[in-house]
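Each protein sequence line maps, in turn, to chains B and G.
Be aware that the first sequence starts at 1, since it is given in this note's numbering, and climbs by one per residue.
Be aware that the second sequence starts at 1001, since it is given in this note's numbering, and climbs by one per residue.
Note that beta-carbon positions come from the ideal geometry of N, C-alpha and C, so glycine has one too.
Remember, predicted model here, so these are calculated numbers, not experimental data.
The next block holds one structure in the form of structure tokens; read it before the comments.
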Amino acid sequence: MSAGTTRSFLFPPKAFLGPEDLRRLTQTVVFLADTVWVPASAQVAPALPESVRTDIARRFSELVEIGALRTWDIERQSVFISERVGGRLLVAQPDINFPAERYHALHETVMRRLIEGRAAFLGAAAAGSFDGVTEIVLGKHTLGTFAMRELTGCDDILLDPLMAETVKGFMNPLIERSRVAEGAVEEIQYRLALPDVSELAQEQIVECRRLMPAFRAELFEHVDASSPLMSVEEARRAAIDELLARYREEIERTGASDDALSGGWSLAQLAVPDDAVDRIARTFFGYAPDQDQPPPPPALLLLRLRQLAAQLQGRSTKGS
Amino acid sequence: MHVEADTIPDAWHDSLRAFVYQTDLVRYDSMRGPCSEVQDALIRIRRPLAAPMISEHYPGELRSLVDGYAAGFLNHPDVQGSTVSERLYAWGRHTRGGAGIDQVARAEAALRNEPESRFTILTFWDPAVDPGLENPVSPLVASLRVRDGALGSTLTARSVDAWLGAFPMLIGFASLVGEVAARLELEPGPATYLFLSYHLYDVDLPVVRGLVA
């Protein structure tokens, strides 16, 4: 996958969004996706405190504004639902509104596949005891999500752990690939003490997204290179090792200080000097973010996030 | 929601109208996807065994699902592992050992001895087992009693998917009542269903809108 390739993810249908959903969405648009498609019917979870609800709605709007999130609808179902159950929609107009006829054909296919794959959905439950319908309903949700991916033309699905478990028995290689990639991002964030990207300002997210394609291309290159005999966990581990090795190489080449990979580091030591990212970019890679130049090196996104982590840490220390 | 209809397909169709025309639905994120929910939906069917039992609008592919689920109510030999079947015909086999209690046989004996009794109860939910299950049984409790010479019945279920799960539940229980009535040489009477959560998933809503409108 070249750095110039675009990539879109489908966020599986949900009625309500909470802070964890926004964290995952933001993480995905910073590290992996040019666009994440979200159902236009989604609302902010009503049980949350008002301040949290406001923050979620604001962040959602910001991500829509920069084109990172887009919304889909079917025959303006979002309006239909909100008129019957109340609540406030996050977007007034969806980016795309599919006609019902097109959806009906897809729904028929889902029902057909559901019965064809019935044994797989009953799965291990059949060995013990099973209700016989509830398992199939879970399968319907899974297949329905696959159908929406097809309708929206997304490359991947942003699986939550439950759905990942559900599709395990008949895992589509495409989904497996996304799980490896998302898992690798989570682990790298932890290993490098990167900030929670959902706390970044809108302009910082925009900046990171300019650096994202090169990082993502390298990540998927490693994911694709993993042996089909590897488990998801083994493939994830291999991709992380490769990415961190490259990161370390580039740190060494540029002479930037980073103790995180050799242990014994503290948050204060994580700070890449303020001008380091620009210096590394301009001096060593000939890349200037504002110019139409060759793409940045993959590790530049991680370096920039390390710098932002240090700034966030400094701000919170000053505030305390 | 309170639906009263002659046949199962009519009742199902009327029940779907709630999701299109009712404005007091509850929005809910189930682990099986986002849905709109009617709480405590009451459906009464005057002739539950009248043919056809399945609506022509119900996807043909799903009919095998209905047959499979109904077989659990009837203790069909092919349904080994069905929780419904185990609870009805071998209650407590896993928790108490032995063959378990055949609740249907006991109910038939009770109805022969005292047809109008209000004690003829079939229970499905097992508090020792179900709260820990990933997919606990949906029917909770049923009542059978003879009134005006016919076998009346009520089933309470905790959760029913209005699109995919309604026919398996409606037909499964009606078939059981039909078999019991035949063995007791009674006419089957009306069947009443109380669904604590009757819901329609977003994935099915566009199709239901088209069907009801």
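Using a threshold of 7 Å, is the CB atom of residue i nearer than that to any non-hydrogen atom of the ligand FMN?
i: P1052 of chain G; result: No copy of the ligand FMN appears in this structure; indeed no ligand is present at all.
Measuring CB to CB, does residue i end up less than 8 Å from residue j?
i: A309 of chain B; j: A201 of chain B; result: no
i: L63 of chain B; j: G18 of chain B; result: no
i: L1088 of chain G; j: L1122 of chain G; result: yes
i: G132 of chain B; j: Y1069 of chain G; result: yes
i: P1139 of chain G; j: L1155 of chain G; result: yes
i: T1095 of chain G; j: V1066 of chain G; result: no
i: G1149 of chain G; j: E1187 of chain G; result: yes
i: R84 of chain B; j: L1025 of chain G; result: yes
i: C154 of chain B; j: R304 of chain B; result: no
i: F16 of chain B; j: L25 of chain B; result: no
i: I1008 of chain G; j: M1053 of chain G; result: yes
i: Q43 of chain B; j: L90 of chain B; result: yes
i: N1135 of chain G; j: T152 of chain B; result: no
i: P1190 of chain G; j: R1063 of chain G; result: no
i: I136 of chain B; j: R149 of chain B; result: no
i: P94 of chain B; j: P1034 of chain G; result: no
i: A1142 of chain G; j: S1153 of chain G; result: yes
Measure the alpha-carbon distance for residue i versus residue j and round it to whole angstroms.
i: D224 of chain B; j: R177 of chain B; result: 8 Å
i: M171 of chain B; j: E182 of chain B; result: Caution applies to M171 of chain B, whose pLDDT of 47 falls short of 50 and renders its modelled position unreliable; the value that the coordinates give is listed next. If I take the Cα positions, the gap works out to 16 Å.
i: S139 of chain B; j: D1204 of chain G; result: One detail in the question is off: residue 139 of chain B reads as Gly in this sequence, not Ser. When rounded, the distance between both Cα atoms is 13 Å.
i: V1160 of chain G; j: M1001 of chain G; result: 14 Å
i: G1072 of chain G; j: S1085 of chain G; result: 4 Å
i: L143 of chain B; j: R1032 of chain G; result: 11 Å
i: R248 of chain B; j: L69 of chain B; result: 32 Å
i: Y1028 of chain G; j: S41 of chain B; result: 12 Å
i: E187 of chain B; j: P39 of chain B; result: 28 Å
i: A30 of chain B; j: Q311 of chain B; result: It should be pointed out that residue 30 of chain B corresponds to Val in this sequence rather than to Ala. Roughly 18 Å separates the two Cα atoms.
i: Q204 of chain B; j: V1207 of chain G; result: 42 Å
i: L1196 of chain G; j: A1018 of chain G; result: 15 Å
Identify the contact partners of residue i in chain B, using a Cβ-Cβ distance below 9 Å as the criterion.
i: L1065 of chain G; result: L114, I115, R118, G132, V133, I136
i: L1062 of chain G; result: M111, L114, I115, I136
Quick check on residue i: does DSSP put it in helix, strand or coil?
i: D55 of chain B; result: helix
i: F16 of chain B; result: strand
i: D1040 of chain G; result: strand
i: I1121 of chain G; result: strand
i: L90 of chain B; result: coil
i: I96 of chain B; result: strand
i: Q43 of chain B; result: strand
i: V1129 of chain G; result: coil
i: E83 of chain B; result: helix
i: W1012 of chain G; result: helix
i: D1029 of chain G; result: strand
i: G1178 of chain G; result: helix
i: R216 of chain B; result: helix
i: A268 of chain B; result: Model confidence at A268 of chain B stands at a pLDDT of 32, short of 50, so the residue's coordinates are unreliable; what they give is reported in the following sentence. If DSSP states are grouped into helix, strand and coil, A268 of chain B belongs with the helices.
i: T134 of chain B; result: helix
i: V180 of chain B; result: helix
i: D1024 of chain G; result: coil
i: A1109 of chain G; result: helix
i: P1139 of chain G; result: strand
i: D278 of chain B; result: Here the model assigns D278 of chain B a pLDDT of 49, short of 50, so the residue's position is not dependable, and the following value carries that caveat. Note: D278 of chain B maps to helix in three-state DSSP.
i: E1185 of chain G; result: coil
i: S1055 of chain G; result: coil
i: S8 of chain B; result: strand
i: T35 of chain B; result: strand
i: P1190 of chain G; result: strand
i: L192 of chain B; result: coil
Check the Cβ of residue i against every Cβ in chain G and list those closer than 7 Å, keeping chain order.
i: S178 of chain B; result: Within chain G, no residue comes near S178 of chain B; the closest Cβ sits about 19 Å away, beyond 7 Å.
Name, please, each residue of chain G whose Cβ falls closer than 9 Å to the Cβ of residue i.
i: S8 of chain B; result: Ordered by position in chain G, no residue passes the 9 Å Cβ test against S8 of chain B, which lies about 20 Å from the chain.
i: H222 of chain B; result: The contacting residues do not exist; H222 of chain B stays about 32 Å from chain G at best.
i: A47 of chain B; result: Under the 9 Å cutoff, chain G gives no residues; its nearest Cβ is about 11 Å from A47 of chain B.
i: A321 of chain B; result: There is simply no residue 321 of chain B to check, as chain B begins at 1 and stops at 320 in what is shown.
i: G144 of chain B; result: G1033, Y1201, D1202, V1203, D1204
Given that residue i touches chain G, what residues does it touch there, using C-beta distances under 8 Å?
i: V44 of chain B; result: Neighbours of V44 of chain B on chain G: none; closest Cβ ~12 Å, over 8 Å.
i: I81 of chain B; result: R1027, S1036, D1202, L1205
Mind pulling the chain B residues with CB within less than 8 Å of residue i?
i: D1040 of chain G; result: What D1040 of chain G touches in chain B: nothing, since even the nearest Cβ is about 17 Å away.
i: R1032 of chain G; result: T134, V137, L138, K140, H141
i: G1072 of chain G; result: G132
Strictly below 7 Å CB to CB, what residues from chain B border residue i?
i: Q1069 of chain G; result: Here the sequence assigns Tyr to residue 1069 of chain G, which means Gln is not the residue at that position. G132, V133, listed in chain order.
i: G1165 of chain G; result: V133, V137
What residues in the segment 56 to 76 of chain B bring their beta carbon closer than 9 Å to a beta carbon of chain G?
-> I74, E75
For the segment 14 to 42 of chain B, which residues have a CB atom closer than 8 Å to at least one CB atom of chain G, in sequence order?
-> K14, A15, F16, P39, S41
What are the residues of the segment 84 to 96 of chain B that lie near chain G, defined by any Cβ-Cβ distance shorter than 9 Å?
-> R84, V85, G86, G87
Which residues, taken in chain order from the segment 1183 to 1201 of chain G, show a beta carbon closer than 8 Å to some beta carbon of chain B?
-> Y1201
Using a beta-carbon distance cut-off of less than 9 Å, what residues from the segment 1004 to 1022 of chain G approach chain B?
-> F1019, V1020, Y1021, Q1022
Below 8 Å between beta carbons is the criterion; list the residues of the segment 185 to 210 of chain B that meet it against any residue of chain G, in chain order.
-> none
Taking only beta carbons into account, state which residues of the segment 1137 to 1162 of chain G come closer than 8 Å to chain B, listed in chain order.
-> V1137, S1138, S1159, D1161
Using a Cβ-Cβ cut-off of less than 8 Å, give me the residues of the segment 230 to 251 of chain B that come near chain G, in sequence order.
-> none
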